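Under the working numbering, the first residue of the sequence shown is numbered 9, with each subsequent residue one higher.
Single-structure report; data block below.
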Amino acid sequence: MPRTAPPALPYEAAAQLCAAAAQTLLVPRVSSATVLGTGAAVAAHLTALVREVPGLGNITVHPGPARWPHAEAAAAAAAQGTVLTTAASRERALLGADLVVLTGPGLPVDRALLAPSAVVVEAFR
9 MPRTAPPALP
19 YEAAAQLCAA
29 AAQTLLVPRV
39 SSATVLGTGA
49 AVAAHLTALV
59 REVPGLGNIT
69 VHPGPARWPH
79 AEAAAAAAAQ
89 GTVLTTAASR
99 ERALLGADLV
109 VLTGPGLPVD
119 RALLAPSAVV
129 VEAFR
C-alpha cells in the first residue's frame, strides 16, 4: 500500500511546534529571529514566537505582509520588548539571525549570513 503524506498542520499548530522547537534548540538569550514568507502563516508564527520564545529582541519579516505589523501583533511584541521590522531583501533579513523560520518553500538559506549557532526551521513541511 503506498504511503501518503500526513495532512498539513493548520498554521497555528505549525507555529506552536516551531516555537517549541526554538525553545529547545536555541542557545539562551537568542536575540533575533527572521520569518520568511507572507500571509496567515507569517502572522501565526509571529504570534507564537512573541508569546513562546523569551529573549527575542527583534523579529524581522521578509518580504512582509501588507499592512504589517498588525496592531495585535505589534502590541504583543511591544509588551515583551520585541521589535518587529521588515527587510527589503532576503539577505538583509537573514544577516546575523539566530532563528530563521521558513513558512513556505523558497531558495535555500545561506548559512554564512546567519549567527554561528543559528537554527533554521522549515515550518511548511
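Even for Gly, the Cβ is constructed at its ideal location relative to N, Cα and C.
None of these values were measured; they are calculated from a predicted model.
With a threshold of 16 other beta carbon atoms within 10 Å, GLY72 meets it and is buried. The Cβ neighbour count for LEU110, taken over all protein chains shown within 10 Å, is at least 16; the residue is labelled buried.
Residue pairing for VAL91: DSSP places it in a beta bridge opposite ASN66. For ARG98, the closest alpha carbon among the candidates GLN24, VAL91, VAL108 is that of VAL108.
For VAL43, there is no enclosing alpha helix (DSSP H); the enclosing beta strand (DSSP E) has its first and last residue at 40-45. The segment 56-70 makes contact with the segment 81-95; the number of CB pairs closer than 8 Å reaches 3 or more.
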